[in-house]
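Novice: Every letter in the sequence shown is one number past the one before it in UniProt numbering, and letter 100, counting from 1, is 100. Every residue, glycine too, gets a C-beta built ideally from N, C-alpha and C. All of these numbers come straight from a predicted model, not from anything done at the bench.
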Amino acid sequence: MSDPQPSPSAPTLSIPPIHSSPTPSVLLNTGARMPLLGLGTYRLRGPDEILQAVDAALSTGYRSFDTASVYRNEADLGRALRLLLPEHGLSRADVFITSKLGPKDQGSRAREGALRSLELLDLDYIDLYLIHWPGTQGLEVGDKRNPENRAQSWAVLEELHAQGKLRAIGVSNYTPGHMKELLEGCCVTPAVIQVEFHPRLSQGEMRHLCGEKGVCFQAYSSLGTGSLLQDPLVVQIAQGYGLTTAQVLLRWAVQQGVPVLPKSSHPTRVAENGHVFDFELTAEDMERLGGMDCGQKYCWDPSQVA
Ligand SMILES: NC(=O)c1ccc[n+]([C@@H]2O[C@H](COP(=O)([O-])OP(=O)(O)OC[C@H]3O[C@@H](n4cnc5c(N)ncnc54)[C@H](OP(=O)(O)O)[C@@H]3O)[C@@H](O)[C@H]2O)c1
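Below, the structure is given as C-alpha cells:
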C-alpha cells in the first residue's frame with residue numbers, strides 16, 4: 001500500500017511503522033513523517049547524561065530527538081547518536097532530529113546560527129529546524145525590530161531548506177498573532193509549531209489555526225515541566241488504568257494526534273514515558289483532562305513580544 005499524500009489542511013495521523021520506527025507518526029506538509037514521540041533534551045547536560053537517555057530512548061522505540069542551540073547539548077546529542085545508532089542497528093535515516101535557532105542569532109546571524117547547529121550535531125541535514133522564540137536577544141520585547149529580525153531569520157531558513165540542509169522548517173513559542181504574520185509573508189509554509197501544551201493549557205486558537213493552514217502542532221512540557229504529575233485529577237485517572245500520571249498526560253496529547261517531547265534524565269522514566277501507544281483513554285477521561293484548561297503556562301510567555 002502506498003503512503004498517503006500530505007494533506008493540504010491538517011497533518012494526518014498515520015499508522016506505524018515509519019522507517020524502523022515502532023511509534024506512530026504524523027505526516028508533515030513537506031511529505032516527511034515526524035514521530036509522535038520524541039525525547040526532549042532541555043537540561044540534559046554532559047555527554048554521559050545524554051548518552052544514557054538516548055540509549056534508553058532508542059531501546060524503548062523513540063526515533064525523534066529535540067535539541068536547541070540554547071540547550072548547549074547539540075554536540076553531545078550528535079555524538080550520542082553516532083555512537084548508539086549502529087549499536088541499535090539503526091542509521092541516520094531512521095531518526096528525526098530537531099534543533100532550533102537561538103534568540104541571539106535571530107536576524108542577521110541566522111545563517112551562521114543554523115550552520116553552527118549542523119556543525120555541532122555533525123549532520124549533513126537537520127530534519128526540522130525551528131525559530132526558537134519570536135524575539136531577539138538583547139532587544140526589548142516591544143522593540144519593532146523583533147518582527148523584522150524574525151522575518152530575516154525565516155528567509156534564511158527558507159534558503160537552507162531549499163538547499164536540503166534543513167529538511168523541514170518551523171517556529172516555536174509564536175503566538176497566533178506572530179503565526180498569522182509569518183503565514184502572510186512566507187514563501188514556505190512552516191511545517192511545525194512547537195509550543196507548551198498540556199491539560200491546563202489547551203492552545204485552542206493556535207490549534208485551530210494550525211488545522212486550517214496544514215501546520216503540525218507539536219507539544220512541549222506535556223508534563224507541565226513536572227508540575228502536573230501530582231495533580232489530583234490526573235492521579236485519580238492514572239490509578240483507574242494502573243498507569244503513571246506521566247503516561248496519562250502524554251497519552252492525552254498523542255491520542256489527539258499531538259506529538260510530544262517528554263524529557264527525563266532517568267533512563268527508567270524515559271522508558272516509562274515511551275509506553276503510551278498500547279492503551280487508550282476513554283472519551284470521558286479525555287474530556288475530564290481537557291476540562292482542566294485554565295491558560296496556565298509553566299514556561300515562557302511570548303505574548304508581549306512585538
Ligand atoms: N521550544 C521551547 O521553547 C521548549 C520549551 C520547553 C521545552 N521544550 C522541549 O520539550 C521538552 C520537554 O519539556 P520540559 O523538559 O520543559 O518538561 P516536561 O517533559 O513536561 O517535564 C520534564 C520534568 O518532568 C520530570 N519527569 C519526566 N518524566 C517523568 C516521569 N515519568 N516521572 C516523574 N517525573 C518525570 C523530569 O525530571 P527528571 O529529568 O529528573 O526525570 C523533568 O523535571 C524539553 O526537554 C525540550 O526538548 C521546548
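What separation, rounded to the nearest whole angstrom, lies between the Cα atoms of Thr245 and Glu148?
Specialist: 42 Å
Novice: Hey, out of Leu250, Tyr42, Leu44, whose CA is closest to Gly290's CA?
Specialist: Per the Cα distances, Leu250.
Novice: Quick one: is Asp127 buried, meaning 16 or more other Cβ sit within 10 Å of its Cβ, or exposed?
Specialist: Under this definition Asp127 is a buried residue.
Novice: For Arg269, verify whether its CB is less than 7 Å away from any heavy atom of ligand 1.
Specialist: yes
Novice: In whole angstroms, what is the alpha-carbon distance linking Gly226 and Ala253?
Specialist: 15 Å
Novice: Indicate, with yes or no, if ligand 1 has a heavy atom lying under 7 Å from the CB of Gly224.
Specialist: Of the heavy atoms belonging to ligand 1, at least one sits nearer than 7 Å to the Cβ of Gly224.
Novice: When every heavy atom of ligand 1 is checked, does at least one fall within less than 7 Å of the C-beta of Ser303?
Specialist: Distances taken from the Cβ of Ser303 to the heavy atoms of ligand 1 include none shorter than 7 Å.
Novice: Would you call the stretch 257-271 and the stretch 44-58 in contact, with 3 or more CB pairs under 8 Å?
Specialist: With a cut-off of 8 Å, the stretch 44-58 and the stretch 257-271 count as touching, because enough Cβ pairs lie within range.
Novice: Which first and last residues belong to the beta strand (DSSP E) in which Cys216 is found?
Specialist: 216-220
Novice: Give a single yes or no on whether Ala114 has its beta carbon closer than 7 Å to a heavy atom of ligand 1.
Specialist: False, no ligand heavy atom lies under 7 Å from that Cβ.
Novice: Count the other C-beta atoms from every protein chain shown that fall within 10 angstroms of the C-beta of Arg92, then say buried if there are 16 or more, exposed otherwise.
Specialist: It is exposed - the Cβ of Arg92 has fewer than 16 other Cβ atoms within 10 Å.
Novice: Short check: CB of Ser99 to CB of Ala75, under 8 Å?
Specialist: no
Novice: Is Tyr220 near ligand 1, going by C-beta to nearest heavy atom under 7 Å?
Specialist: yes
Novice: Whose CA, out of Cys187, Val141, Gly142, lies closest to the CA of Ser153?
Specialist: Cys187
Novice: Trp133 to Val305, Cα distance in whole Å?
Specialist: 9 Å
Novice: Three or more C-beta pairs closer than 8 Å, one from the stretch 27-41 and one from the stretch 201-216: is that the case here?
Specialist: yes
Novice: Could you spell out where the alpha helix (DSSP H) holding Gly240 opens and where it closes?
Specialist: 232-241
Novice: To the nearest angstrom, report how far apart Gly142 and Gly240 are at their CA atoms.
Specialist: 47 Å
Novice: Need the endpoints of the alpha helix (DSSP H) that Glu158 sits in, please.
Specialist: 145-162
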